[in-house]
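Below is one structure, written out as structure tokens, with a few remarks after it.
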Amino acid sequence: MRRRTLLAGLPFLLLAPEAFAHPPRQPDSAEAKKFIQEVTDFRSKLAKAVLAKDFAAMRPLYADSFTHTHDSGKLDNKDARLVAAMAGEPLIEAAPVSDLVFRVFAGPTVIVTGKSPILNVKEQKTYDFRWVSVYVTAQDGWQLAVSQATRLS
């Protein structure tokens, strides 16, 4: 009977020590401020790469699992977003922005919301879009993990 109990507990002994750790702690004010500055710098770097159509600079800035949801519901993955950038399509990543708000979470993860005027190329008309982007830390620094844009009426 005792042997069976020990064997039943064996899978738990194989878990990494992190499995028993507390969840990540929410960044304090100073850390949050630091992360906001880092993401602000990252956003500038990404905007410059998009405007310059610098594929080599852009590629590592998007997470491999990146997705962007258009206001139409169309979903772009990383490759589609890079193709759009290289084609010179207007992207929220390089658009002027207002109403910029940063929210910092454990991970660290930073969610940024804003409003940007985006040119509709087909109509040759500019519309305001409310958007959200999620930035996560990766092995080599920040990456854009997901974004969504919604056209305002």
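Counting with mature numbering (1 follows the signal peptide of the UniProt record, and there is no 0), you get residues -21 to -1, 1 to 132 for the letters of the sequence shown. By construction, the Cβ of each residue, glycine as well, lies at the ideal position given by its N, Cα and C atoms.
| query | result |
| --- | --- |
| Please identify the residue among TRP121, GLN118, VAL115 and TYR106 whose C-alpha is closest to the C-alpha of THR129. | TYR106 |
| Distance, Cα to Cα, GLU72 vs PRO3? | 29 Å |
| Applying the 10 Å Cβ sphere with the 16-neighbour rule, what's the burial state of SER126? | buried |
| Taking just the CA atoms, how far does ILE97 sit from TYR114? | 21 Å |
| If we require 4 or more residues per run, which alpha helix (DSSP H) segments fall completely within the stretch 22 to 108? | 34 to 37 and 57 to 65 |
| Rounded to the nearest angstrom, what separates PHE108 and SER132 at their Cα positions? | 9 Å |
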